[in-house]
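Undergrad:
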Amino acid sequence: MRGESPLRRVMLYVAALLVAAFWFGPLLLVGVASLVPDGNLLSFPPRWFDDGIFFGNYEYILTGTLPETYLQPGALRGAISQEVRFVPRSMLNSAIVATGVALTNIVLGSLAAYAFARLRFPGRAAAFNFVLASRLLPAIALAVPYYAIVSRFGLLNSRWALLLIYSVLTLPFTTLILTLNFRAVPEAIDEAAQIEGASPLRVLWDIMLPLALPAVVGVGLFSFMLSYSEFLFALLILTGSETKTLPVLFGSLSTNRDVAWGLLTASIILGSLPTLVLVAPVWRFMVRGLTAGAER
Amino acid sequence: MKPHPLRMTRRTFAAGGLGAMSAAFLPRIGPHAVSAQESVDLNFHIWQYGVETVQDNIKRFEELYPGVKVSLSDVPWNSYHEETVNRLRSKTATDVIYNGGDWLEEFATAGWVVPLEDHFDWAKGYQDKVFAFAWQDMTFNDKVYGLPYYADTITFMYNEQLLKDAGIAAPPQTWEEVTEQSLALKAKGMEFPFLYVLAQDLPTVSEAFVSTVFGRGGELIDENNEPLWTDPNSPAAKQFKWFADARNVDKILTFVSNETDAVGAMSTGQHAFVVFYNYHLAELNDAARSDRAGQFKIALMPGETHECYGFAKFYNLTKMAADRGPEVVNAAGQFIQYFAGEIDGQYPIAKRWAVENGLGFGTKALFDDPDVRTAYSKWIDVDKWTEQLNLARAQRHTPWQGIWNEFFRLEHVKAVAGETSVEDALQAAADNWNELKKQFGG
Amino acid sequence: MQRATVARDRLPVEAGRRSQRYRPGVRGTGILMVLPVVLLVAVFTLYPFGQALYDSMRLTSPFFPARFVGLDNFRGVIGSTYFADAVRVTLTFTAIAVPATVVTSLLIALLLNERFVGNTALRAGMLLPWALPASITGIVWKWMFLDSWGAINVGLYELGVIDKYITWLTSPRLAMMAVVIAFVWAQTPLATALLLVAVQGVPQDLYAAASLDGAAATGRFRDITLPIIRPTLVIVALYQILMAFTTFDITYALTHGGPGTATTMLTYFTWAESFKMLDFGRGASLAILVALSSIVVIVVLLRAMPKDALLEEAR
Chain U
1 MRGESPLRRV MLYVAALLVA AFWFGPLLLV GVASLVPDGN LLSFPPRWFD DGIFFGNYEY
61 ILTGTLPETY LQPGALRGAI SQEVRFVPRS MLNSAIVATG VALTNIVLGS LAAYAFARLR
121 FPGRAAAFNF VLASRLLPAI ALAVPYYAIV SRFGLLNSRW ALLLIYSVLT LPFTTLILTL
181 NFRAVPEAID EAAQIEGASP LRVLWDIMLP LALPAVVGVG LFSFMLSYSE FLFALLILTG
241 SETKTLPVLF GSLSTNRDVA WGLLTASIIL GSLPTLVLVA PVWRFMVRGL TAGAER
Chain P
297 MKPHPLRMTR RTFAAGGLGA MSAAFLPRIG PHAVSAQESV DLNFHIWQYG VETVQDNIKR
357 FEELYPGVKV SLSDVPWNSY HEETVNRLRS KTATDVIYNG GDWLEEFATA GWVVPLEDHF
417 DWAKGYQDKV FAFAWQDMTF NDKVYGLPYY ADTITFMYNE QLLKDAGIAA PPQTWEEVTE
477 QSLALKAKGM EFPFLYVLAQ DLPTVSEAFV STVFGRGGEL IDENNEPLWT DPNSPAAKQF
537 KWFADARNVD KILTFVSNET DAVGAMSTGQ HAFVVFYNYH LAELNDAARS DRAGQFKIAL
597 MPGETHECYG FAKFYNLTKM AADRGPEVVN AAGQFIQYFA GEIDGQYPIA KRWAVENGLG
657 FGTKALFDDP DVRTAYSKWI DVDKWTEQLN LARAQRHTPW QGIWNEFFRL EHVKAVAGET
717 SVEDALQAAA DNWNELKKQF GG
Chain D
739 MQRATVARDR LPVEAGRRSQ RYRPGVRGTG ILMVLPVVLL VAVFTLYPFG QALYDSMRLT
799 SPFFPARFVG LDNFRGVIGS TYFADAVRVT LTFTAIAVPA TVVTSLLIAL LLNERFVGNT
859 ALRAGMLLPW ALPASITGIV WKWMFLDSWG AINVGLYELG VIDKYITWLT SPRLAMMAVV
919 IAFVWAQTPL ATALLLVAVQ GVPQDLYAAA SLDGAAATGR FRDITLPIIR PTLVIVALYQ
979 ILMAFTTFDI TYALTHGGPG TATTMLTYFT WAESFKMLDF GRGASLAILV ALSSIVVIVV
1039 LLRAMPKDAL LEEAR
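For the protein sequence lines, the chains are U, P and D, in the order given. First residue of the first sequence: 1, per the working numbering; consecutive thereafter. First residue of the second sequence: 297, per the working numbering; consecutive thereafter. First residue of the third sequence: 739, per the working numbering; consecutive thereafter.
1) Should Gly-898/D go down as buried or exposed, given a rule of 16 or more other Cβ atoms within 10 Å for buried?
2) For Leu-232/U, would you say it is in contact with chain P, using Cβ-to-Cβ distances shorter than 8 Å as the test?
3) Using beta-carbon positions only, say whether Met-864/D and Thr-930/D come within less than 8 Å of one another.
4) Using a Cβ-Cβ cut-off of 8 Å (strictly less than) and excluding sequence neighbours within five positions of Gly-637/P, which residues of its own chain qualify?
5) What residues from chain D crowd round Leu-246/U, counting only those whose CB sits closer than 7 Å?
6) Tell me the DSSP secondary structure of Arg-588/P in three-state form.
7) The alpha helix (DSSP H) that contains Asp-987/D, what's its start and end?
8) Expressed to the nearest angstrom, what Euclidean distance is found between the alpha-carbon atoms of Ile-61/U and Leu-263/U?
9) Starting from Ile-1093/D and walking both ways along the alpha helix (DSSP H), at which residues does that stretch end?
10) Of the choices Ala-141/U, Leu-209/U and Met-11/U, whose alpha-carbon is the least far from that of Ala-1029/D?
11) So which of Arg-385/P, Val-381/P and Asp-398/P has the shortest CA-CA distance to Tyr-605/P?
12) Cβ closer than 9 Å: which chain P residues qualify as neighbours of Ser-34/U?
13) Does Phe-782/D have its Cβ less than 8 Å from a Cβ in chain U?
14) By a C-beta neighbour count over all protein chains shown, 10 Å radius and 16 as the cutoff for buried, is Asp-885/D buried or exposed?
15) Would you mind telling me which residues of chain U sit closer than 7 Å to Ser-1032/D, beta carbon to beta carbon, in chain order?
16) How close, in whole Å, do the beta carbons of Gln-591/P and Asn-455/P come, if the pair is a contact with beta carbons under 8 Å?
17) Report the partner residues of Tyr-454/P according to the DSSP bridge assignment.
18) Determine contact between the region 1013–1031 of chain D and the region 795–810 of chain D, defined as no fewer than three beta-carbon pairs at a distance below 8 Å.
19) Nearest chain D C-beta to Gly-256/P closer than 8 Å, yes or no?
20) What runs of the beta strand (DSSP E), each 3 residues or longer, lie entirely inside the region 871–903 of chain D?
21) Look at the alpha carbon of Leu-866/D and the alpha carbon of Glu-402/P, and state the distance between them as a whole number of angstroms.
22) Identify every residue that forms a DSSP beta bridge with Lys-365/P.
23) Would you tell me roughly how many angstroms separate the C-alpha atoms of Pro-803/D and Ala-406/P, rounded to the nearest one?
24) At what residue ranges does the region 928–1015 of chain D contain a whole run of the alpha helix (DSSP H), taking only runs of 4 or more?
25) Output yes if chain U places a C-beta closer than 8 Å to the C-beta of Pro-867/D; else output no.
26) Let me know the alpha helix (DSSP H) ranges lying completely inside the region 137–189 of chain U, each 4 residues or longer, listed in chain order.
27) Which of the three DSSP states is assigned to Thr-905/D in this structure?
28) Taking 8 Å as the threshold (beta carbon to beta carbon), is Val-1008/D in contact with chain U?
29) By the criterion of Cβ-Cβ separation under 9 Å, what are the contact partners of Thr-614/P in chain U?
30) So the alpha helix (DSSP H) Arg-805/D belongs to, where does it begin and stop?
31) At a Cβ cut of 9 Å, what residues of the region 683–694 of chain P count as close to chain D, listed as they run along the chain?
32) Nearest to Gln-942/D by alpha carbon, out of Leu-860/D, Ser-1012/D, Glu-852/D and Glu-1011/D?
33) With distances taken between CB atoms, is the gap from Leu-270/U to Val-32/U smaller than 8 Å?
34) Check the Cβ-Cβ distances between Ser-386/P and every residue of chain U, and say whether any is below 8 Å.
35) Does the beta carbon of Thr-970/D sit closer than 8 Å to a beta carbon anywhere in chain P?
36) By the three-class DSSP mapping on this structure, what secondary structure does Gly-78/U have?
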């Protein structure tokens, strides 16, 4: 573009390489570690690549077949924990809760957002502000009382408790975004429908939702991702290995002395896959939504 | 407790030998008259160690008692205290748990666990068959709450070869000598001769510290549950200071945050001394795992009396199980007896842990068991170990100890990491103790 | 009835349009439609907050009958050295991590605003750190920093930079640094994306004019870019302050607050007080202190923010 000096180009590429190393390096190394037998991983002086690539960690997590290296003499560590075998199940647990939260967000959020955007009723502004302001309370402040309440109602270790809590945490944002989006729909359109005699619900279903579809899908995915990754509340509320969500399982794996690093790193790669598939659409939505807000 | 099981490597290593042996340990005794009624579900809650062995043991138990189904819940060792409290508090189905002396009084005071002897006639009968320190660890208010999963000591270990190379003929007898020898090793190029396992969330740390205090003939508290470390000349205070000085003054100590890392670090030959669970010596001397196998030896705990901490980890019946009725209690009794009791003159599961993993045992009978002796002699000087075992004693426990340990470890790490002074740390630990003591009305 | 309202709505006047939203039927519908959300949020914020207030003034422990203790819990918490430690660590962490994140993100945003091969790949790839659950991020970085066989030690050793492994996670300062780096790693993508959009919003003709004037790059940045992206910068900084102030997952997985209390922040401390020390009353009083202080932080920041930053944003 504007006549650039070669030096500037070089610096540009060096900087880009540094950024790439910072962002991708750690995950790359996790991936590498998952393919190295543990004995090599823990050697000193290090000899990571002496024995070639090794898929046994993945095999164990997915099938329960013990990798041979853990049986070989010379492996520095015989540790192997069954806990990593819960990785697939914990992904499912996370996905179940997150899907429930996403649906709750879309249904309840769009109902409320439509009312906030188009209908007049007493207390509208107050209710709107209250919902938004609720997020000013930091999660940790709610964690201890949530635990008390959940255990009082016998909902400890229950997905329902998580579903409710995550919905409360995500609905304010969902409501805000959908309200803004519904407001952006020209009033003439739904007015015309009302003139035809359509009820607010019908207008919402037939007109608003289709018109604001990208935002609706966006908030759904956003609340899905948030719930999929949430750690603090899940840590408090889930007590059984059958119900643990992915982040809780990893919190536990991070302190489990029986987990070989090869297994841990392979678990990270497997556990991250679904998030990585979903992330692109959520990301677009987040950045567009947030920057649109900032520009408005 | 939670070390890494070398069982995997071992098993293949001696695939024919040990494997077949352990199968032989588990005699197929005829099913006790279990009527074909609907089965009883038992939840067994443990910290993660050798989970596959536990599951295998459960499988054998279920084959023997088809009327009982056992579900296992396992949590990490270093969050076992809070996770178990949460479980019991929230009445999440839990029937039999691993427990230890440091938590027994707390759980019993809260009414979560019940004495074994209140429900089973056979419980008291084990008193003479179990080591005194182990029995004491399982006893609260004169009632016994469990049978040992394993019982062990926290011992002092050194690398004989490295000492020899540095011209040191015998292992240290006192903590002053540990410092001297370490400085000598350091002068010869060893950066940190003493390796300590230290992390604020690791229960082991409290026990290891107590064991070193016992070496000096000390105690943490007196018979009125008053803290003794407030006196700077007490063994506890001296030992606390020793660790901080070793790191910050003499710079002979480094620490790792768990036993697994410690075994790895010792195996690299960069350290000469370590204090941890006795069974780690089996891992250090396992030729399958370490190039330096055979170099590691047990020494009597340094100090004036060479005493050490002996403890039991045991199977404990919960109040929840007791409340579920006689069928459940009966099944839990069968379970505990199978896992820890005497079956046809044998202690099959305890023996399996001892032979395969090197875990200590609470039952005197295993001490003379030829299979155990053979297995032990491969990694430990049995005479020296016997000498140390005879000097092992249990710790005084209080109901608030489990909670206090969480504070104490924090202060211990802070002092060793140089973030606070020894005096402030000891004072904080005492303040906290007194506050808890007052709360608990102790 | 419906018919009647519709008829009234036909009036092609402004007043008619307004009155449409006041129709009695719709008015009830409006309340019904927001009710689930409002109720849910109310039940799960007011009730817990009330519960926390209540618990904070009582002895709440699994071991004793609960009783009223007034402000003892607050006194106990504030008086304890752990609280002082946690406050100090939280402030230190925030003071280091937030500028580090904002500056790094801004630099990367400026970089991504340039043309170079691989730009698109970087932009697409930055999703990775952002998408990972934070507890996994903690483990990823634990693997990097691990004292005995972490990737950084192995890498430095292989490169011949060090001949002894560095004790990253057992030295207080280095452990704090490790947490900061993990935080920056997880937070830069979103911040970068927002700042990139702002930087792209700078009209090119302003730069062209500046080039004619012979302005240096730094001058161009200060005089043209900075004023325009300032609102976004302020928002990003605010957001990061809140994130740093309430960091929990990363420390939980990476350091467990250690060594000692070197990386124990208020959130971790609140959790530990309740669930490790099992003093739920104190935990609740801490939770209230954290809530109040973060609200204070928000208000103070909003006030301290230059008035025109918000106005510009509104443009």
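All residues carry an ideal CB built from backbone N, CA and C; glycine is no exception. These numbers were taken from a predicted model, which means no experiment stands behind them.
TA: Inspection of the coordinates gives the following:
1) Translated into the one-based positions of the third sequence, residue 898/D becomes position 160. Exposed.
2) Working through the first sequence from its first residue, we reach residue 232/U at position 232. So no, Leu-232/U is outside the interface.
3) Counting from one through the third sequence, the residue named residue 864/D turns up at place 126. Counting from one through the third sequence, the residue named residue 930/D turns up at place 192. Yes.
4) Translated into positions along the second sequence, residue 637/P becomes position 341. Taken in chain order, the residues that qualify are Trp-418, Tyr-422, Leu-443 and Tyr-643.
5) Here residue 246/U corresponds to residue number 246 of the first sequence, with the count starting at 1. Result: Pro-871.
6) Translated into the one-based positions of the second sequence, residue 588/P becomes position 292. Reduced to three states, the DSSP call for Arg-588/P is coil.
7) Walking along the third sequence from the start, residue 987/D turns up at place 249. Per DSSP, Asp-987/D belongs to the alpha helix (DSSP H) from 987–992.
8) Along the first sequence, read from residue 1 onward, the residue named residue 61/U stands at position 61. Along the first sequence, read from residue 1 onward, the residue named residue 263/U stands at position 263. Roughly 8 Å between the two C-alpha positions.
9) Any property of residue 1093/D remains undetermined from this structure, which presents chain D solely from 739 to 1053.
10) Here residue 1029/D is taken as the residue at index 291 of the third sequence, counted from 1. The residue with the shortest Cα to Cα distance from Ala-1029/D is Ala-141/U.
11) Walking along the second sequence from the start, residue 605/P turns up at place 309. The candidate whose alpha carbon is nearest that of Tyr-605/P is Asp-398/P.
12) Reading the first sequence from its first residue, position 34 is the one you call residue 34/U. Per Cβ cutoff of 9 Å: no residues; Ser-34/U is ~19 Å from chain P at best.
13) Walking along the third sequence from the start, residue 782/D turns up at place 44. Yes, Phe-782/D lies at the interface with chain U (some Cβ there is under 8 Å from its Cβ).
14) Taking the third sequence and counting its residues from 1, the one referred to as residue 885/D is at position 147. So Asp-885/D counts as buried.
15) Locating residue 1032/D in the third sequence gives position 294, where the first residue counts as 1. What Ser-1032/D touches in chain U: Pro-138.
16) Taking the second sequence and counting its residues from 1, one reaches residue 591/P at position 295. Taking the second sequence and counting its residues from 1, one reaches residue 455/P at position 159. Contact flag correct, Cβ pair sits at about 5 Å.
17) Within the second sequence, residue 454/P is the residue found at index 158, counting from 1. Tyr-454/P is bridged to Phe-569/P and Lys-593/P.
18) yes
19) The structure shown does not extend to residue 256/P, since chain P is modelled only from 297 to 738, so the question has no answer here.
20) none
21) Residue numbering aside, residue 866/D sits at position 128 when the third sequence is read from its first letter. Residue numbering aside, residue 402/P sits at position 106 when the second sequence is read from its first letter. One C-alpha to the other measures close to 45 Å.
22) For the purposes of this step, residue 365/P is taken as the residue at position 69 of the second sequence. According to DSSP, Lys-365/P bridges with Asp-337/P.
23) Translated into positions along the third sequence, residue 803/D becomes position 65. Translated into positions along the second sequence, residue 406/P becomes position 110. Near 10 Å, if we compare the C-alpha coordinates of Ala-406/P and Pro-803/D.
24) 942–951, 955–958, 964–983, 987–992 and 1004–1013
25) Taking the first residue of the third sequence as position 1, residue 867/D is located at position 129. It does: the Cβ of Pro-867/D has a partner Cβ on chain U nearer than 8 Å.
26) 139–152 and 159–184
27) Looking up residue 905/D in the third sequence gives position 167. Reduced to three states, the DSSP call for Thr-905/D is coil.
28) Reading the third sequence from its first residue, position 270 is the one you call residue 1008/D. It should be noted that the sequence gives Thr, not Val, for residue 1008/D. Closer than 8 Å to some Cβ of chain U, the Cβ of Thr-1008/D qualifies, so yes.
29) Here residue 614/P refers to the residue found at position 318 when the second sequence is read from its first residue. Within chain U, no residue comes near Thr-614/P; the closest Cβ sits about 14 Å away, beyond 9 Å.
30) Here residue 805/D refers to the residue found at position 67 of the third sequence. Looking at the DSSP string, Arg-805/D is not in any alpha helix (DSSP H); the run it does join, the beta strand (DSSP E), is 802–806.
31) none
32) Locating residue 942/D in the third sequence gives position 204, where the first residue counts as 1. Measuring from the Cα of Gln-942/D, the nearest candidate turns out to be Glu-852/D.
33) For the purposes of this step, residue 270/U is identified with residue 270 of the first sequence, where counting begins at 1. For the purposes of this step, residue 32/U is identified with residue 32 of the first sequence, where counting begins at 1. Cβ atoms of Leu-270/U and Val-32/U: not closer than 8 Å.
34) As a working mapping, residue 386/P is identified with position 90 in the second sequence. Chain U, which has a Cβ nearer than 8 Å to the Cβ of Ser-386/P, makes this yes.
35) For the purposes of this step, residue 970/D is taken as the residue at position 232 of the third sequence. No - not a single Cβ of chain P is within 8 Å of the one on Thr-970/D.
36) If you number the first sequence from 1, residue 78/U lands on position 78. Annotation note: pLDDT 40 at Gly-78/U (below 50); position unreliable, no value reported.
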